[in-house]
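Residue 813 in our numbering sits at position 100 of the sequence shown, with consecutive numbering throughout. Cβ coordinates follow ideal geometry from the N, Cα and C atoms, glycine included. Note that the structure is predicted; figures quoted are calculated from it, not measured. A short worksheet on the structure shown next.
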Amino acid sequence: MDTDGDLILRVGSDGTAEMTDFKVCSATLRRVSPVFKAMLFGTWIESKPPRHSGRQWMVSLPEDDPSAMRVILHIVHGHFDKVPASSTSYALSDLVVTADKYDMLRCLRPWAAKWWKEATHEFYRRPINPLLVHVAREFGDESSYASGLKDLILRSCLTVKRSESAIPEEVTEGTIFFRANREPLEICAPLSPPWRCGLSDVGGW
């Protein structure tokens, strides 16, 4: 990512074929991500080692997806020609989850509309893909988010016995009611999309 970088990000589980090392600029990550800023320049174990230690600065992120992280790092390091023009539903979901984890969703804004426009072709297939419902929420497509969430609730399966269920009775009763009556679902305020990708004020949805 940066030939003059001072930090190695080791992304993915150790010993797997997907594990990837990225040489990056720590100052760039600090500017675009408050999470990386706290992690790399705070009191965390991942913070920069003293110069006299002679150790290579490496941070392991075993739970993150290397492909998603690669796209994000290309964006923040200015390699816009290497950002994919399209994405599968699974890759897009991984990308959104990873960006959200490091509070970097806003970095996806220039590409989000195009990615989502292509993803909507799959979004309206049934049964609906719950991964895309989450993407709709983060990208700010209120209509798709509401209809997708409603579809998931109406089609949810509650097959476990009441005595064995860890689901609160109020939830099971409410879901059964919606499934039986097919009444319009009103999304309460706490579930409304936060539009963290910053697309709600951009036309085109």
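DSSP beta-bridge partners of residue i
i	result
Val737	Leu720
Met771	Ile721
Buried/exposed call for residue i, threshold 16 Cβ in 10 Å
i	result
Ala853	As written in the sequence, residue 853 is Gly, which differs from the Ala given in the question. Classification for Gly853: buried.
Asp717	exposed
Ser856	exposed
Ala798	exposed
Ala879	Annotation note: pLDDT 46 at Ala879 (below 50); position unreliable, coordinate value reported separately. Looking at its Cβ environment, which holds fewer than 16 other Cβ atoms inside 10 Å, Ala879 is exposed.
Ser766	exposed
Tyr815	buried
Val873	Because Val873 sits at a pLDDT of 44, beneath the cut-off of 50, its placement in the model cannot be relied upon, and the following sentence gives the value as read from the coordinates. Exposed, since its Cβ has fewer than 16 Cβ neighbours within 10 Å.
Tyr837	exposed
Asp719	exposed
Asp807	buried
Spatially closest choice to residue i from the options, by CA coordinates
i	options	result
Val809	Ala825, Pro762, Lys830 and Pro797	Ala825
Phe754	Ser726, Ser739, Val724 and Leu774	Ser739
Asn842	Asp813, Leu805, Arg819 and Lys814	Leu805
Thr833	Pro775, Ser802 and Leu862	Ser802
Leu845	Ser800, Val748, Asp794 and Tyr815	Ser800
Met782	Phe735, Ala859 and Asp864	Phe735
Phe749	Glu831, Arg764, Ser773 and Ser726	Ser773
C-beta atoms of residue i and residue j nearer than 7 Å
i	j	result
Val737	Met817	no
His790	Met714	yes
Pro920	Arg768	The chain is shown from 714 up to 918; residue 920 falls before or after that span and cannot be answered.
Asp777	Thr811	yes
For residue j and residue i, believed in contact at Cβ under 8 Å, the rounded distance
i	j	result
Ile721	Trp757	Actually they do not touch by this definition, with Cβ atoms about 16 Å apart.
Val724	Pro779	5 Å
Cys820	Ile785	7 Å
Ala851	Asp813	The displayed chain sequence assigns Glu, not Ala, to residue 851. Right, their Cβ atoms sit about 6 Å apart.
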